[in-house]
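*Asks:*
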Amino acid sequence: MHQTLHALRDAPVSAWIGIVIVTFYAILAILAPLLAPFPEAASIGAQYQPWEAPHYLGTDALGRDVLSRLIYGARNTVGIALVTTALAFLLGTSMGLLAAVIGGWFDALTARVVDVLMAIPPLIFALLILTITGTSVLSLVLVIAVLDSTRVYRLSRAVAQGIMTMDYIEVARMRGEGLSWLIRREVLPNASAPLIAEFGLRFCFVFLFISALSFLGLGLQPPTADWGGMVRESAKLIGFANFSTWQTATFGLAPLLPAGAIALLTIGVNLIVDWVLHMSSGLKE
1 MHQTLHALRD APVSAWIGIV IVTFYAILAI LAPLLAPFPE AASIGAQYQP
51 WEAPHYLGTD ALGRDVLSRL IYGARNTVGI ALVTTALAFL LGTSMGLLAA
101 VIGGWFDALT ARVVDVLMAI PPLIFALLIL TITGTSVLSL VLVIAVLDST
151 RVYRLSRAVA QGIMTMDYIE VARMRGEGLS WLIRREVLPN ASAPLIAEFG
201 LRFCFVFLFI SALSFLGLGL QPPTADWGGM VRESAKLIGF ANFSTWQTAT
251 FGLAPLLPAG AIALLTIGVN LIVDWVLHMS SGLKE
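Quick note, in full-length UniProt numbering, the sequence shown goes up one by one and the last residue is 285.
#1: Out of Arg69, Ala46, Ala197, Thr85, which one is the CA nearest neighbour of Ala261?
#2: Taking Ala81 and Ile196 to be in contact with their CB atoms under 8 Å, please state how far apart those CB atoms are, rounded to whole angstroms.
#3: Determine the burial state of Ile144: buried for a count of at least 16 other Cβ atoms within 10 Å of its Cβ, exposed for fewer.
#4: Spatial neighbours of Gln161 within its chain, please: C-beta separation below 8 Å, excluding the five flanking residues on both sides.
#5: Going straight from the alpha carbon of Ala119 to that of Val146, what length do you get?
#6: DSSP state of Asp226, grouped into three classes?
#7: If you draw a straight line from the alpha carbon of Ala263 to that of Asp167, how long is it in whole angstroms?
#8: Quick test of the definition: if touching needs 3 or more C-beta pairs under 8 Å, does the stretch 170 to 187 touch the stretch 93 to 108?
#9: Nearest by alpha-carbon distance to Phe203: which of Val78, Thr23, Ala26, Pro50 is it?
#10: Would you report the Cα separation of Pro39 and Asp60, rounded to the nearest angstrom?
#11: Does Gln47 pass the burial test, meaning 16 or more other C-beta atoms within 10 Å, or should it be called exposed?
#12: Is the beta carbon of Pro258 sitting closer than 8 Å to the one on Met230?
#13: Run through the stretch 133 to 191 for me and flag every whole alpha helix (DSSP H) of 4 or more residues, listed as ranges in chain order.
#14: Tell me the rounded alpha-carbon separation between Ile267 and Phe205.
#15: Taking only three categories from DSSP, how would you classify Pro39?
#16: Between which two residues does the alpha helix (DSSP H) holding Gly18 run?
#17: Can you tell me whether Pro255 is buried or exposed? The criterion is at least 16 other CB atoms within 10 Å of its CB, across all chains shown.
#18: Can you list, in chain order, the residues of its chain whose CB lies under 6 Å from that of Gly18, leaving out five sequence neighbours each side?
#19: What distance in whole Å lies between the Cβ atoms of Leu123 and Ile71, which are believed to be in contact at a cut-off of 8 Å?
#20: Which value, in whole angstroms, describes the spacing of the CA atoms of Gln49 and Ala41?
#21: Around the Cβ of Val276, are there at least 16 other Cβ atoms within 10 angstroms (buried) or fewer (exposed)?
#22: What would DSSP say about Asp274, mapped onto helix, strand or coil?
#23: Return yes when the Cβ of Leu218 is within less than 8 Å of the Cβ of Pro194, no when it is not.
#24: Roughly how far, in whole angstroms, is the beta-carbon of Pro54 from the beta-carbon of Pro37, given that I think they are within contact range, below 8 Å?
#25: Please name the residue, chosen from Leu179, Arg112, Ser214, Ile30, that lies closest to Thr131 on a Cα-to-Cα basis.
#26: In whole angstroms, what separates the C-alpha of Leu28 from that of Ala225?
#27: Taking DSSP as the reference, what is the three-state secondary structure of Asp60?
#28: With burial defined as no fewer than 16 other Cβ atoms inside 10 Å of the residue's Cβ, what is the status of Trp105: buried or exposed?
#29: When the Cα of Ala235 is compared with those of Leu216, Gly92, Pro223, which residue comes out closest?
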């Protein structure tokens, strides 16, 4: 605890900017029912109302409050992306470390399976599977987690293979240490820095991937609030924007709200990842 507080105190400004951004999104996700002025899917007004009280960011085509849907979108999009990334890391890291430590036929078999999966473009593969299985949240999480676990597998396997050549690994084997001990006490701690950085990057890719699928209509389904789906729903308003008055100009700004939320979270996560990687790798200024 003391080390964590000391690290936060010495964190650079860029890291603090990322922490503030991610904390803000976390508060929105956790307290969405309390912070949102209206229910997520309730039609509470006329369609495309201007940005004025009580709808401070207007309403959409179905008369739903845009601000409320943005807040609920933080819970849905970010929450599902976090669960998916954690599952992808559980699968990819476990298989990658096992392949590097066991070697032999297990390493060759898992590597070939991963090569086959990586040879297929992820978006096309996801679209195909989701079209067949349906676009439920469970299907979305499992499909994206399996696809992203291949990238995590390649990284964790490559890092672990480099560690397995070190002298302290040979000493541990001579002491009679088992497979589980080698992975937990020798390989995983020494591979933590690149894996931490990869987790942040994978989260951003998964987050953007889910938004892209929702934009194409195969991600989170209506009436669930999702930033990618909100961009698709409001994109047609750009053609009706008239910048002669503020009220009509807001039509052109509507798609930028969920798109900006996606971009801002991506920047915040990457700022934190850079700082954590810097600390974990022992680099100095």
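Using N, Cα and C, we set each Cβ at its ideal position, and we do this for glycine too.
If you're wondering where the values come from, they're calculated on a predicted model, not measured in any experiment.
*Replies:* Checking against the coordinates, here is how it stands:
#1: Stepping through the sequence shown from its first residue, residue 261 is reached at position 261. Nearest option by C-alpha distance: Arg69.
#2: Indexing the sequence shown from 1 puts residue 81 at position 81. Indexing the sequence shown from 1 puts residue 196 at position 196. Contact flag wrong, Cβ pair sits at about 17 Å.
#3: Here the question's residue 144 lines up with position 144 in the sequence shown. Buried, since its Cβ has 16 or more Cβ neighbours within 10 Å.
#4: On the sequence shown, position 161 is the one that residue 161 refers to. Hits under 8 Å: Ala100.
#5: If you number the sequence shown from 1, residue 119 lands on position 119. If you number the sequence shown from 1, residue 146 lands on position 146. Taking the straight line from one Cα to the other gives about 14 Å.
#6: As a position in the sequence shown, residue 226 is number 226, starting the count at 1. Assignment of Asp226 by DSSP, reduced to helix, strand and coil, places it in the coil class.
#7: One-based indexing of the sequence shown puts residue 263 at position 263. One-based indexing of the sequence shown puts residue 167 at position 167. So the two alpha carbons sit approximately 44 Å from each other.
#8: yes
#9: Within the sequence shown, the letter at position 203 stands for residue 203. Considering only alpha carbons, the answer is Val78.
#10: Reading the sequence shown from its first residue, position 39 is the one you call residue 39. Reading the sequence shown from its first residue, position 60 is the one you call residue 60. About 14 Å.
#11: Here residue 47 is taken as the residue at index 47 of the sequence shown, counted from 1. Exposed.
#12: The residue you call residue 258 lines up with position 258 of the sequence shown. The residue you call residue 230 lines up with position 230 of the sequence shown. Against a cut-off of 8 Å, the Cβ pair of Met230 and Pro258 comes out as a contact.
#13: 137 to 163, 167 to 174
#14: Sequence index remark: in the sequence shown, residue 267 carries index 267 (1-based). Sequence index remark: in the sequence shown, residue 205 carries index 205 (1-based). Computed Cα separation, rounded: 12 Å.
#15: Your numbering for residue 39 matches position 39 in the sequence shown. In this structure, Pro39 counts as coil in the three-state DSSP scheme.
#16: If you number the sequence shown from 1, residue 18 lands on position 18. Looking at the DSSP string, the run of the alpha helix (DSSP H) that includes Gly18 is 13 to 30.
#17: Translated into the one-based positions of the sequence shown, residue 255 becomes position 255. It counts as buried.
#18: Taking the sequence shown and counting its residues from 1, one reaches residue 18 at position 18. Here the set comprises Gly268, Leu271, Ile272.
#19: The residue you call residue 71 lines up with position 71 of the sequence shown. The residue you call residue 123 lines up with position 123 of the sequence shown. Actually they are not in contact, since the Cβ atoms of Ile71 and Leu123 sit about 28 Å apart, beyond 8 Å.
#20: Translated into the one-based positions of the sequence shown, residue 49 becomes position 49. Translated into the one-based positions of the sequence shown, residue 41 becomes position 41. Their backbone Cα atoms lie some 16 Å apart in a straight line.
#21: Working through the sequence shown from its first residue, we reach residue 276 at position 276. Buried is the call here.
#22: Here residue 274 refers to the residue found at position 274 when the sequence shown is read from its first residue. In this structure, Asp274 counts as helix in the three-state DSSP scheme.
#23: On the sequence shown, residue 194 is found 194 positions in, with the first residue counted as 1. On the sequence shown, residue 218 is found 218 positions in, with the first residue counted as 1. Against a cut-off of 8 Å, the Cβ pair of Leu218 and Pro194 comes out as no contact.
#24: Translated into the one-based positions of the sequence shown, residue 54 becomes position 54. Translated into the one-based positions of the sequence shown, residue 37 becomes position 37. With 8 Å as the limit, Pro54 and Pro37 qualify as a contact, their Cβ atoms being about 7 Å apart.
#25: Numbered from its first residue, the sequence shown carries residue 131 at position 131. Ranking Leu179, Arg112, Ser214, Ile30 by Cα distance to Thr131 puts Ser214 first.
#26: As a working note, residue 28 is residue 28 in the sequence shown. As a working note, residue 225 is residue 225 in the sequence shown. Those two C-alpha atoms are separated by around 13 Å.
#27: For this step, residue 60 is matched to residue 60 along the sequence shown. In this structure, Asp60 counts as coil in the three-state DSSP scheme.
#28: One-based indexing of the sequence shown puts residue 105 at position 105. Label assigned to Trp105: exposed.
#29: Translated into the one-based positions of the sequence shown, residue 235 becomes position 235. The shortest C-alpha separation from Ala235 is found at Leu216.
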